[in-house]
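Colleague: So for the sequence shown, this note's numbering puts the first residue at -8; every next one is plus one.
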Amino acid sequence: MQQTSEKVVIGRREIIHFPDLGIFNMVGKVDSGAKTSCVDTCNVKINIDSQTISFDIILDRKDRTKVKSITDLPIKSLDGRKVKSSTGHLQSRYVITTKVCVGDKVHGHEQTVELTLVERESLECPVLIGRNLIIASNFLIDCSVKYKLGTRKKIRTDDNIKQITSEITSNTPNL
């Protein structure tokens, strides 16, 4: 993970892109108390023979049938990881490694990080930005603002990847 010496200020919520998964413009809540970032998923299935995982990422928290299916993604551990939830309960969660971009510029603040897969049905934001991404990206959190690195937009998937990439790069000032 690359790190610059200058801190990048982010808000308490930011726009998140998962370019390798083909998902753009998800809302992420910044949580410096969470060690690992996570994403709202369902229908998680492990293929022991191929050491891969398949799951659905929830795209609309009000309509959980709107999903992006991810299939046969390589996974390091079939056992999952023990994670203490915000309510203090110990859970076992599967972990994937993928590129995550924060803000309007798709490749501006890109890091490859671990994400845990969890159902966040009762929570407002589908993505939680934990310390692993905050530290790797050298972020400094300004809790008084939202979307410091970009404006909120409609969630898009790789079905219209050329359109969203063009839109993001043409409408974003240099950071």
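Backbone N, C-alpha and C fix where the C-beta goes; we use that ideal spot for every residue, glycine too.
Give the secondary structure of ASN129 by DSSP, where H, G and I count as helix, E and B as strand, and everything else as coil.
Modeller: Reading the sequence shown from its first residue, position 138 is the one you call residue 129. Residue state, collapsed to three classes: coil.
Colleague: Would you call the stretch 104 to 124 and the stretch 31 to 41 touching, i.e. three or more CB-CB distances under 8 Å?
Modeller: Touching, yes, given that three or more Cβ pairs across the two stretches are closer than 8 Å.
Colleague: Could you tell me the boundaries of the beta strand (DSSP E) in which LYS73 lies?
Modeller: Stepping through the sequence shown from its first residue, residue 73 is reached at position 82. Counting along the chain, the beta strand (DSSP E) containing LYS73 begins and ends at 72 to 75.
Colleague: Which of the three DSSP states, helix, strand or coil, is assigned to PRO10?
Modeller: The residue labelled residue 10 in the question sits at position 19 within the sequence shown. Correct three-state label for PRO10: helix.
Colleague: Does the beta-carbon of HIS8, which I'm using as the reference point, lie nearer than 7 Å to any heavy atom of the ligand PLP?
Modeller: Judged by which ligands are present, the structure shown has none, so any question about the ligand PLP falls away.
Colleague: Pick from ALA25, ASP47, ASN16 and LEU108: whose alpha carbon is nearest that of GLY79?
Modeller: Stepping through the sequence shown from its first residue, residue 79 is reached at position 88. Checked all of ALA25, ASP47, ASN16 and LEU108; the closest Cα to GLY79 is ALA25.
Colleague: Do LEU69 and VAL58 have their C-beta atoms closer together than 8 Å?
Modeller: Position 78 of the sequence shown holds residue 69. Position 67 of the sequence shown holds residue 58. No, the Cβ-Cβ distance between LEU69 and VAL58 is not below 8 Å.
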